[in-house]
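What follows is a short report on a single structure.
There are 2 protein chains.
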Amino acid sequence: GGEIPQLLNVLFGNTSIKENVMVTDLALSPSLLSSFFGPRHGVRGLREILGVLRGPMLMTALKPMGSDVEALASMAYDFAKGGIDLIKDDHGLANQNYAPYEERVRACCAAVRRANAETGRRCVYAPCLNAPADLIVPRAKFAKACGAGAVLMIPGIGGLDAMRRLAEDPSFGLPIVCHPAILGAMLGGGSDGPDDVPIRGFSHKVLLGILPRLCGADATIFPSFGGRFGFSERECRDIALGSRQKLGSTPAIVPCPGGGMTLERVRKMNEVYGEDVMLLIGGSLMGHSPDLVANARHF
Amino acid sequence: GGEIPQLLNVLFGNTSIKENVMVTDLALSPSLLSSFFGPRHGVRGLREILGVLRGPMLMTALKPMGSDVEALASMAYDFAKGGIDLIKDDHGLANQNYAPYEERVRACCAAVRRANAETGRRCVYAPCLNAPADLIVPRAKFAKACGAGAVLMIPGIGGLDAMRRLAEDPSFGLPIVCHPAILGAMLGGGSDGPDDVPIRGFSHKVLLGILPRLCGADATIFPSFGGRFGFSERECRDIALGSRQKLGSTPAIVPCPGGGMTLERVRKMNEVYGEDVMLLIGGSLMGHSPDLVANARHF
Numbered sequence: 079g080g081e082i083p084q085l086l087n088v089l090f091g092n093t094s095i096k097e098n099v100m101v102t103d104l105a106l107s108p109s110l111l112s113s114f115f116g117p118r119h120g121v122r123g124l125r126e127i128l129g130v131l132r133g134p135m136l137m138t139a140l141k142p143m144g145s146d147v148e149a150l151a152s153m154a155y156d157f158a159k160g161g162i163d164l165i166k167d168d169h170g171l172a173n174q175n176y177a178p179y180e181e182r183v184r185a186c187c188a189a190v191r192r193a194n195a196e197t198g199r200r201c202v203y204a205p206c207l208n209a210p211a212d213l214i215v216p217r218a219k220f221a222k223a224c225g226a227g228a229v230l231m232i233p234g235i236g237g238l239d240a241m242r243r244l245a246e247d248p249s250f251g252l253p254i255v256c257h258p259a260i261l262g263a264m265l266g267g268g269s270d271g272p273d274d275v276p277i278r279g280f281s282h283k284v285l286l287g288i289l290p291r292l293c294g295a296d297a298t299i300f301p302s303f304g305g306r307f308g309f310s311e312r313e314c315r316d317i318a319l320g321s322r323q324k325l326g327s328t329p330a331i332v333p334c335p336g337g338g339m340t341l342e343r344v345r346k347m348n349e350v351y352g353e354d355v356m357l358l359i360g361g362s363l364m365g366h367s368p369d370l371v372a373n374a375r376h377f
Numbered sequence: 079g080g081e082i083p084q085l086l087n088v089l090f091g092n093t094s095i096k097e098n099v100m101v102t103d104l105a106l107s108p109s110l111l112s113s114f115f116g117p118r119h120g121v122r123g124l125r126e127i128l129g130v131l132r133g134p135m136l137m138t139a140l141k142p143m144g145s146d147v148e149a150l151a152s153m154a155y156d157f158a159k160g161g162i163d164l165i166k167d168d169h170g171l172a173n174q175n176y177a178p179y180e181e182r183v184r185a186c187c188a189a190v191r192r193a194n195a196e197t198g199r200r201c202v203y204a205p206c207l208n209a210p211a212d213l214i215v216p217r218a219k220f221a222k223a224c225g226a227g228a229v230l231m232i233p234g235i236g237g238l239d240a241m242r243r244l245a246e247d248p249s250f251g252l253p254i255v256c257h258p259a260i261l262g263a264m265l266g267g268g269s270d271g272p273d274d275v276p277i278r279g280f281s282h283k284v285l286l287g288i289l290p291r292l293c294g295a296d297a298t299i300f301p302s303f304g305g306r307f308g309f310s311e312r313e314c315r316d317i318a319l320g321s322r323q324k325l326g327s328t329p330a331i332v333p334c335p336g337g338g339m340t341l342e343r344v345r346k347m348n349e350v351y352g353e354d355v356m357l358l359i360g361g362s363l364m365g366h367s368p369d370l371v372a373n374a375r376h377f
């Protein structure tokens with residue numbers, strides 16, 4: 079089968095150290111496409127797992143950094159009760175002393191399980207696999223054994239092929255959510271302003287849409303326009319396009335716009351991203367009122 | 079000990095998806111520094127292994143892509159006879175049908191061993207570990223078993239922490255050379271022109287000097303100024319600085335400027351990079367005359 083590292087090398091290996099070269103799009107032959115495993119679940123699979131057959135899905139993150147395991151698990155319980163579909167670790171959570179990985183995953187899985195038993199829903203907890211290279215797979219399997227329903231990968235740090243490897247592993251099989259940390263540094267320069275020129279890097283569509291999809295992500299997180307990051311509406315539409323456009327028989331994946339989104343912006347997001355989307359709303363969900371369960375319901 | 083993925087996340091995780099943020103330098107506390115394993119060999123170790131105790135070391139690459147195993151091994155033999163110190167695979171070599179990894183590594187190791195027996199020198203062959211995530215360590219250990227003297231890692235593809243993992247492995251222990259493919263996309267924009275502003279990304283010093291060094295590289299390849307890539311002299315000096323400047327007790331590593339370098343430029347390179355350098359000269363070494371052995375000697 080095709081090897082992702084070699085694809086990346088051909089695509090943008092040495093060229094990446096030249097200036098003023100952008101990878102704007104990526105078109106592969108059907109036979110090459112079919113040699114990549116791709117997402118195990120995609121939009122349809124993820125909807126079935128979460129039990130949300132139509133309309134936007136909802137994601138939030140366990141914050142702030144520094145919270146201990148008890149606080150994180152209690153937050154996870156509240157969010158699950160409030161109707162969030164997927165609760166992820168903050169991507170900054172690794173194996174810190176204040177919330178060690180195994181203890182945290184065990185507690186949050188239990189909390190979400192308890193909430194689901196009470197609501198009859200299928201909320202899923204996705205621990206963050208921001209792990210040393212040799213611990214990514216062991217931590218993933220530990221999460222599965224605890225009852226986690228998905229995982230959060232950071233391919234900008236661990237490598238895109240580490241995600242592919244996990245997606246292909248038949249003894250793992252959980253959905254994978256892709257986080258853009260560090261990947262941002264690989265985006266070509268500039269926003270849409272008239273003076274901006276592409277500098278060096280990948281287009282938003284390729285880096286946050288097509289590549290995560292080829293490498294086994296079922297959902298891709300990115301900062302939406304209008305939030306505290308600088309992506310433009312066109313760049314975000316392009317990411318959604320890369321997640322969905324026809325790509326041989328590779329399933330479509332779920333765009334997850336987030337990053338300083340407020341509840342007020344939800345209508346505009348629905349309009350731009352359509353129905354097959356997972357809205358990631360974090361801080362503003364917590365700021366709404368002290369009652370997380372009520373806040374999540376409101377959302 | 080400190081975890082590289084978490085360091086990267088704190089350093090430039092979400093920030094990387096903001097525009098107009100550059101990581102220009104990196105200063106860590108002595109205690110944090112000491113928690114990273116760092117390069118196993120560094121300048122001094124590499125000099126001992128290669129038996130080149132002073133003056134610039136010489137590196138070249140097996141090219142062009144598409145050459146079969148016999149051609150590559152014969153080229154390796156000629157280079158080793160001609161006095162090259164480190165012969166690396168072209169970074170595009172993975173496990174292609176025309177030069178499968180195991181066959182290639184076995185043949186090139188044997189060729190260099192034969193040349194060394196004839197010359198009494200200690201030329202080293204470094205196969206490329208541009209491998210799927212789960213095959214990096216097995217391929218590295220296969221290379222060692224065949225008698226390879228070093229390996230070439232591509233952390234822009236496989237992840238910086240995969241390099242750290244290999245460097246720390248006591249049952250491996252060979253020198254690691256870092257190749258910049260894909261990493262280039264993470265460099266902040268612009269050259270030194272008056273109109274250029276940093277856009278988004280890492281400085282040359284951090285990305286190609288300090289980070290590879292912290293993550294266990296013993297030598298770092300980059301395109302030198304004046305070649306076919308667009309790095310400026312200042313950017314190249316900064317990479318050399320990141321490779322060498324005081325960094326707790328982390329050993330200095332070897333800057334390896336290359337990329338379209340001609341024999342004529344060697345004097346200027348020596349002036350800029352000083353003595354502790356490995357000059358990477360590829361194509362022009364082959365173009366000089368049809369006799370590779372003589373060409374390498376000339377160089």
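So the sequences go chain by chain: A and B.
Be aware that the first sequence starts at 79, since it is given in my numbering, and climbs by one per residue.
Be aware that the second sequence starts at 79, since it is given in my numbering, and climbs by one per residue.
Glycine included, each C-beta is placed from N, C-alpha and C at the ideal position.
{"Check": "By the criterion of Cβ-Cβ separation under 9 Å, what are the contact partners of B:K96 in chain A?", "Outcome": "G262, P301, R306, F307 and G308"}
{"Check": "Mapping DSSP to helix, strand and coil, what is A:G336?", "Outcome": "strand"}
{"Check": "DSSP three-state label for A:T93, please.", "Outcome": "helix"}
{"Check": "Output, in chain order, the set of chain B residues within a Cβ distance shorter than 9 Å of A:H169.", "Outcome": "N87, G91 and N92"}
{"Check": "State buried or exposed for A:S94, treating a residue as buried only when at least 16 other CB atoms are found within 10 Å of its CB.", "Outcome": "buried"}
{"Check": "Do the CB positions of A:M339 and A:S281 come within less than 8 Å of each other?", "Outcome": "no"}
{"Check": "Where B:D296 and B:C206 are concerned, what is the direct C-alpha to C-alpha distance, given to the nearest angstrom?", "Outcome": "15 Å"}
{"Check": "Report the start-end ranges of each alpha helix (DSSP H) in the stretch 120–167 of chain B that is 4 residues or longer and not cut off at the edges.", "Outcome": "120–128 and 147–160"}
{"Check": "Using a Cβ-based criterion (distance less than 7 Å to any ligand heavy atom), does B:L207 qualify as near the ligand NAD?", "Outcome": "Only the bare structure without any ligand can be found here, which leaves the ligand NAD out of the picture."}
{"Check": "Start and end of the alpha helix (DSSP H) containing B:Y351?", "Outcome": "V344 to Y351"}
{"Check": "At what residues does the alpha helix (DSSP H) containing A:R192 begin and finish?", "Outcome": "Y179 to T197"}
{"Check": "Report the three-state DSSP secondary structure of A:L207 (helix, strand or coil).", "Outcome": "coil"}
{"Check": "Considering just the uninterrupted stretch of the alpha helix (DSSP H) at A:M231, what are its terminal residues?", "Outcome": "From DSSP, A:M231 is part of no alpha helix (DSSP H) but of the beta strand (DSSP E) over V229 to M231."}
{"Check": "Should B:T328 and B:R278 be called a contact, given that it needs their Cβ atoms to be closer than 8 Å?", "Outcome": "no"}
{"Check": "Any idea if A:K283 is buried or exposed, counting beta-carbon neighbours within 10 angstroms, 16 or more meaning buried?", "Outcome": "buried"}
{"Check": "Ends of the alpha helix (DSSP H) at A:M241?", "Outcome": "L238 to E246"}
{"Check": "Below 8 Å on the Cβ atoms is my contact criterion, and I expect A:V332 with A:V355 to pass it. Report the Cβ-Cβ distance as a whole number of Å.", "Outcome": "7 Å"}
{"Check": "Between which two residues does the alpha helix (DSSP H) carrying B:I317 extend?", "Outcome": "E311 to R322"}
{"Check": "At a Cβ threshold of 8 Å, is B:G271 touching chain A?", "Outcome": "Any reading at B:G271 is ruled out, since the residue's pLDDT is 40, under 50, leaving its predicted position unreliable."}
{"Check": "Could you check which residue in A:Y203, A:G360 and A:R125 has the C-alpha nearest to that of A:A189?", "Outcome": "A:Y203"}
{"Check": "Quick check on DSSP: helix, strand or coil for A:F220?", "Outcome": "helix"}
{"Check": "Just tell me which of A:A149, A:G170 and A:G225 has its CA closest to the CA of A:G251.", "Outcome": "A:G225"}
{"Check": "Is there a C-beta anywhere in chain B that falls below 8 Å from the one on A:E81?", "Outcome": "yes"}
{"Check": "When you compare the stretch 130–148 of chain A with the stretch 164–174 of chain A, are there three or more beta-carbon pairs, one atom per stretch, that lie closer than 8 Å?", "Outcome": "yes"}
{"Check": "Use the C-beta contact count for B:A380: other C-beta atoms within 10 angstroms, 16 or more gives buried, fewer gives exposed.", "Outcome": "An answer regarding residue 380 of chain B cannot be provided, because it is not within the stretch 79 to 377 covered by chain B."}
{"Check": "At a Cβ cut of 9 Å, what residues of the stretch 329–344 of chain A count as close to chain B, listed as they run along the chain?", "Outcome": "G337"}
{"Check": "By the DSSP assignment, the beta strand (DSSP E) with B:L261 in it spans what residues?", "Outcome": "It is not in any beta strand (DSSP E) - B:L261 carries neither H nor E in the DSSP assignment."}
{"Check": "Using a Cβ-Cβ cut-off of 6 Å (strictly less than) and excluding sequence neighbours within five positions of B:D212, which residues of its own chain qualify?", "Outcome": "none"}
{"Check": "Below 8 Å between beta carbons: does that hold for B:G294 and B:L244?", "Outcome": "yes"}
{"Check": "Count the other CB atoms, across all protein chains shown, that sit within 10 Å of the CB of B:P134; report buried if there are 16 or more and exposed otherwise.", "Outcome": "buried"}
{"Check": "So B:F280 contacts chain A; which residues on that side make the cut at Cβ distance below 9 Å?", "Outcome": "A263"}
{"Check": "Quick check: is the beta carbon of A:I254 nearer than 8 Å to any beta carbon in chain B?", "Outcome": "no"}
{"Check": "DSSP three-state label for B:D109, please.", "Outcome": "The displayed chain sequence assigns Ser, not Asp, to residue 109 of chain B. B:S109: helix per DSSP, three-state reduction."}
{"Check": "Thinking C-beta only, is A:G360 closer than 8 Å to A:T138?", "Outcome": "yes"}
{"Check": "Does any CB atom of chain B fall closer than 8 Å to the CB of A:P134?", "Outcome": "no"}
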